[in-house]
Every structure is written in structure tokens, then in C-alpha cells.
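**Q** Residue numbers (this note's numbering), protein chains in the order written: chain A, 2 to 246; chain B, 31 to 327. No residue lacks a Cβ here, since even glycine has one placed at the ideal position from N, Cα and C. As the structure is a computational prediction, the values presented were derived from the model and not from experiment.
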Amino acid sequence: MNPDATPMQPLIAVEDVHTYYGKSHILHGVSLHVERGEVVGLLGRNGVGKSTTLKTIMGLVRPSRGKVLFAGNPISGLPAHKLARLGIGYVPEDRRIFRLLTVMENLRTGLDRHGVTEARKQELLDKAFAYFPVLAERRNQAGGTLSGGEQQMLAIARAMMLEPKIILLDEPTEGLMPRMVSQIRQIIDVLQREGVAILLVEQNVPLTLEASERIYIMEKGVVRHHAASSDLQVNDAVIHQYLGV
Amino acid sequence: MGIEQILAAIPWETIIIQTVNGIVTGMILALIASGLTLIFGIMDVVNFAHGELFMLGAYIGVVVMATSGNFWLALIIATLVVALLGAALQITTLRPLLGRDPLTTILATFGISLVLQNYALWQFGPVARKIQEPFTGYFTLFYLEYPWYRLLIAALSAAIIGAFWLFLKYGKYGIWIRATTQDRVMAQAMGIPVPWVHTGAFAIGAGMAAASGVLFGPLVAAMPAMGVDWILKAFIVVVVGGMGSLGGSIAASIFISLLEAYASIWVSPAQAGIVSFVVLILTLLFRPTGLFVPTPK
């Protein structure tokens, strides 16, 4: 599969995806797409299926109907590790740091891939440590001993080690103090400047509107609204209707 | 009789001899239990066939010894063959059961253990077969002629466990194994081919069981049911050490083996086996997370 063979296709296209957890029907035909290098926000109340959408793209949950395409190639049904190698990075809601692994070892889980030279590994590490100096300081510390904000940085840095074309970012600012939130905000910009697309799930509406180019709003397992961020305001009627803020 | 008199009644030579004995058995047990812990930690599979992998290792050792006469060749071939067999077993029987009720994997591995035991019975017969030790020298330990080979077993087991630990700590695949053990889903999302990591871990565990079978072969003898006693003890060690904790099971192996060795100063070795069960029960009652792991927060 050559992701660059079909440049006209969106990087990620989710087409009418239905997902179940056991018997409960979570996604009722979700469709969305993300272009190369684009930051797209996915908003909605708790439990409308935002995280499940990300998990479905990542291959962690199998859709019972519908398709997920990566650069035009169907990827639903592929195991997650193949998707990670194709260039999909995943930063889950609860961060899921390998708690007993050191910061360095956490990063190595994404670095020790076939065909990455030592020089390239060092380059990627240097870049991550430049963005997150605190990780360099704590490189030999167990991941579980980091603070919530540091764990979030590690989770993002770890996904960056895969040299992804897109990062699925699930509530990166949840539970963080304001200073950390603005740091995460900056990192989103940095990633975008490097051409990494981001599908951003957030509860923080102002941040999402500011960081994203387009917004999808979900309700009860479907996308209800789709607009350019510039067409939405924080106190928009649409936002009120679906998010109640 | 006061406690001092009791202590004075024990000859200190006996204590030292039993300490050496305890460490030797403890290292073999640690080698078996490490594989068992590795497999349990990463796949949540309680491998009831582990004792039979140990037994097969001993038998392959017997066969290679009979044809080549070289103990070291026997050790290496048995380890590799059983590791490959372990990989094949994992792919065919455990991989399809991943994520199902743990009972299914218990039944599957129990089934494998019965098949392997009866295969050995059919192939080699009920007669015990001894492996010739690589050297037969003795040294004088107080009033005993103590075989050097026993010390070699302890040293080799420690070396294998040490190499395994280094591999887990620094090796690329070692990090994959630890990451997968901690969070299977996230490991997969980081591009780690989890199904193959499982297979590899099972193969390593199987190979370590086989190596301990060959190392221990000269002391006991290869028998179709030889795995049964060891697996029971290895299970106790894994529980006492804190399920899935490698360091914990190694510490527990030495601890329990030492206790049994000391107990057999007073009672017969068969009765001394009760000690491990007592430790198991006390652990389950008072510290069910394991004796040798930090208190969970």
C-alpha cells in the first residue's frame, strides 16, 4: 500500500461507520474526513461516540458496517500495529503511558521500528526533547511517576516517534492546569506546521475552535453538524444546541 | 528447652549445607517460574503445560546425549526445540483464545499437558532415564562429598536468568515484551506486533523450562510425570512472588527452597514440601498481592 499514490484522496475518510460494544450500538453511521496536514476538531457531549470514532479509526474497535480509508486504501480490519506503522499516531484519553517503563523506553516503543536509522532515531528524540524539555530531564524516570501534564506530553511525544501522518488526539487537555493547556495548544500548532494532520477530540470548545480548521459535532453516535471553525463561535446557537455550553 | 539450646543443637555445618542445597533448588525453580511468570504476565495465560515443557526438555536432553554424548549440545538443542514447539503451540492453541475467558486457556494448556505427558509415556516408556552430568567431580563440604555439578546448575540458572533480565531491560524486543505486558492495546497502537510478541514470549518461557529440565536431568531422571511436582511448586512461587512479577518469583523461589531445605533438617524432605503450601496459604491470607512486590497504592 502506497499512501502517496493517490494524493487526491483525503488522508483519513470514515464512511458510514457503525460500531458496537457487545450489543450496544455506539456509532450509527459516522462519516468524516481529514485532509493531509489538517487539524479537525470533533466535538460533542460525553458518551456520543467521539472516542469510539478514534478507536475505530485506529483499528482498536472493529466497525460492523462502513469503511475507514487511509489515503484511499481501506484499512478497517487491519490490526492496530499495522496502522501505526502506516502513520497513524494515537494519543488516548487516559494517556496510557507504560507506567513501569522509563520515559526513554516509552519513546522507544515507537522508535524501534524496522528501517529507522540510529541517526534518524536521535533526530526524532532531539526534536521531542526540544519541544518537551521536561521529558529530557526525566528520561530515566518511570512513566508512572510523571505528573498528569508530563504524562500527556509523553503520550504526544511517544506518538510523534512513529513519524505519523496523522495523530488522533483524544482530550489532550482534560484535567490539566491552564499553563499545560496552552503548552498542548502550542504543540498542536507545531505538529501542524510540520505537516501532521490531527483529529482532535476535546471538551474545551474555545481551544478546539481556535486550533482546528473544520469542526464536526457529534450527537448520539452520528455527526450532526459540520462547519469551518471560522463559521462557529463559542456562543453559537449550534454549539449551545449540541454541547450545552 | 530455650531457643538458644535448640539453635545450639543444630550443627552449623548442616545449616550451611542446607543453604547451598536450597539455593541450588531455588535457582532451578526460579528458571522454571520465570518462564511461567513471563507467560502469565503478558498473556494472562496460566500455563498448565509448563511442567511438560520442562519434562520434554529433559527427554530431548536424554536423546541428544545418547546420540552425541555432549551435554552442552543437549542443553542447547533441547532449549531450541522446545522453544520452537512452544511457539507452535501458542500459535495453534492459545492465539485463537486470546481475550476469551481465562478458563478456556487453562483447559487448553491442561489438555496440552496431558497430550505431552502421554506422548512421553508412549515414546520413552515409564522407565526413568538419567542424563549423564558433564562432569562428576566432588568437593568436600564438611562431612559431605558435594558434587560440583550442583553448583554449576545454580550458576548456569543464574546466568540464564541474568541474560533474560538484561534482554528484557535493554533489548528492543525486551521493551516490546514489557510494554505489551503492561498495556496490550496501547502497545499495539504504538506499532508493536502484539500477537508475535506473545508467541515470542511463550517460546522464551518454553525454552527456559526446557533448559531447566536438561540442567536438572542429572539430579533426578527424566520421567513422563516429572513436570507435575515442579509445576505445582512453580505455581506456588508465582503466586507468592506476586503474579506476573519476575523479580518477585525469583525471590520467592529462593525463599521457599531455602525454607524447605532448612525444614528437612528436622523432617523428611517429603514432609518439608509442606512448607511451601504453608507459605502459600499465609501469603494468600495476609498479603495476596505477593510477598516480594511493593505494596500496591
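Check whether the Cβ of residue 133(A) lies closer than 8 angstroms to any Cβ atom in chain B.
**A** Not one chain B Cβ lies under 8 angstroms of residue 133(A).
**Q** Beta-carbon within less than 7 angstroms of residue 61(B)'s beta-carbon, same chain only, minus the 5 sequence neighbours each way: which residues are those?
**A** Counting only Cβ-Cβ distances below 7 angstroms, and skipping sequence neighbours, we find 187, 190, 191, 238, 241 and 242.
**Q** If you draw a straight line from the C-alpha of residue 156(B) to the C-alpha of residue 253(B), how long is it?
**A** When rounded, the distance between both Cα atoms is 7 angstroms.
**Q** Name, please, each residue of chain B whose Cβ falls closer than 7 angstroms to the Cβ of residue 97(A).
**A** 213 and 216, listed in chain order.
**Q** For residue 9(A), count the other beta carbons within 10 Å of its own beta carbon; 16 or more makes it buried, fewer makes it exposed. Which is it?
**A** Under this definition residue 9(A) is an exposed residue.
**Q** Could you check whether the Cβ of residue 4(A) sits closer than 8 angstroms to any Cβ belonging to chain B?
**A** In this prediction, residue 4(A) has a pLDDT of 49, which is less than 50 and means its spatial position is unreliable; nothing more can be read from the coordinates.
**Q** Hey, how far is the Cα of residue 159(A) from the Cα of residue 257(B)?
**A** Their Cα atoms are separated by approximately 43 angstroms.
**Q** Measuring straight from C-alpha to C-alpha, what distance separates residue 62(A) and residue 56(A)?
**A** Approximately 6 angstroms between the Cα atoms of the pair.
**Q** According to the Cβ coordinates, are residue 144(A) and residue 109(A) closer than 8 angstroms?
**A** Cβ distance not < 8 angstroms, so residue 144(A) and residue 109(A) don't count as in contact.
**Q** With distance defined between alpha-carbon atoms, name the residue in 149(B), 198(B) and 53(B) nearest to residue 79(B).
**A** Residue 79(B) has its Cα closest to that of 149(B), out of 149(B), 198(B) and 53(B).
**Q** Going by the CB atoms, is the gap between residue 56(B) and residue 287(B) shorter than 8 angstroms?
**A** Contact flag set, yes.
**Q** Contact defined as beta carbons within less than 8 angstroms: I believe residue 200(A) pairs with residue 13(A). What is the distance between those atoms, to the nearest angstrom?
**A** Contact holds; Cβ gap of about 7 angstroms.
**Q** Are the region 61-78 of chain B and the region 224-238 of chain B touching, with three or more C-beta to C-beta distances below 8 angstroms?
**A** In short, these stretches touch, since the Cβ pair count reaches three.
**Q** How big is the Cα-Cα spacing for residue 311(B) and residue 272(B)?
**A** Their Cα atoms are separated by approximately 13 angstroms.
**Q** Report yes or no: do three or more beta-carbon pairs, one from the region 314-321 of chain B and one from the region 91-107 of chain B, lie closer than 8 angstroms?
**A** The region 314-321 of chain B, when compared against the region 91-107 of chain B, does not touch it at the 8 angstroms Cβ threshold.
**Q** Can you say whether residue 43(A) is buried or exposed, counting buried as having 16 or more other CB atoms within 10 angstroms of its CB?
**A** It is buried - the Cβ of residue 43(A) has at least 16 other Cβ atoms within 10 Å.
**Q** Using the Cβ count rule (16 or more neighbours within 10 Å means buried), how would you classify residue 295(B)?
**A** Its Cβ having fewer than 16 others within 10 Å, residue 295(B) is exposed.
**Q** Residue 111(A) touches chain B at which residues, Cβ-Cβ below 7 angstroms?
**A** In chain order: 220 and 221.
**Q** So, for residue 175(A): in the same chain, excluding its five sequence neighbours on each side, which residues have a beta-carbon less than 8 angstroms away from its beta-carbon?
**A** So the list reads 94 and 204, once near-sequence residues are dropped.
**Q** Taking contact to mean 3 or more Cβ pairs, one atom from each stretch, closer than 8 angstroms, check whether the region 35-55 of chain B and the region 195-215 of chain B are in contact.
**A** No contact exists between the region 35-55 of chain B and the region 195-215 of chain B.
**Q** For residue 208(B), decide whether its Cβ has a neighbour in chain A, counting only Cβ atoms nearer than 8 angstroms.
**A** So, interface residue.
**Q** Would residue 213(A) be called buried (16 or more neighbouring beta carbons within 10 Å of its own) or exposed?
**A** Per the 10 Å Cβ criterion, buried.
**Q** Assign residue 227(A) to one of two classes, buried (16 or more other C-beta atoms within 10 Å of its C-beta) or exposed (fewer than that).
**A** Flag for residue 227(A) reads exposed.
**Q** Does any residue of chain B bring its CB to less than 8 angstroms from the CB of residue 63(A)?
**A** By this cut-off, residue 63(A) is not an interface position.
**Q** Mind listing which residues of the region 46-74 of chain A have their C-beta closer than 7 angstroms to chain B's C-betas, in chain order?
**A** For the region 46-74 of chain A, which is checked against every Cβ of chain B, the residues closer than 7 angstroms are 59 and 61.
**Q** Using a Cβ-Cβ cut-off of less than 8 angstroms, list which residues of the region 9-35 of chain A approach chain B; keep chain order.
**A** Of all residues in the region 9-35 of chain A, none has a Cβ within less than 8 angstroms of some Cβ in chain B.
**Q** Quick one: is residue 323(B) near chain A, going by C-beta distance under 8 angstroms?
**A** No - not a single Cβ of chain A is within 8 angstroms of the one on residue 323(B).
**Q** Alpha carbon to alpha carbon, how far is residue 178(A) from residue 35(A)? Give it in angstroms, no decimals.
**A** Taking the straight line from one Cα to the other gives about 29 angstroms.
**Q** Between residue 327(B) and chain A, is there a C-beta pair that is closer than 8 angstroms?
**A** Note on residue 327(B): pLDDT 47, under 50, position unreliable in the model; no value is reported.
**Q** Quick check on residue 172(B): does DSSP put it in helix, strand or coil?
**A** Coil at residue 172(B), not helix or strand.
**Q** Closer than 7 angstroms by beta-carbon distance: list the chain A residues that pair up with residue 224(B), in chain order.
**A** Result: 82.
**Q** For residue 121(B), would you say it is in contact with chain A, using Cβ-to-Cβ distances shorter than 8 angstroms as the test?
**A** With 8 angstroms as the cut-off, residue 121(B) does not count as an interface residue toward chain A.
**Q** Quick one: which chain A residues come within Cβ less than 8 angstroms of residue 202(B)?
**A** By Cβ distance, chain A contributes 109 and 113.
**Q** Between the alpha carbons of residue 47(B) and residue 160(B), how many angstroms are there, rounded?
**A** Each residue's Cα considered, the two are about 25 angstroms apart.
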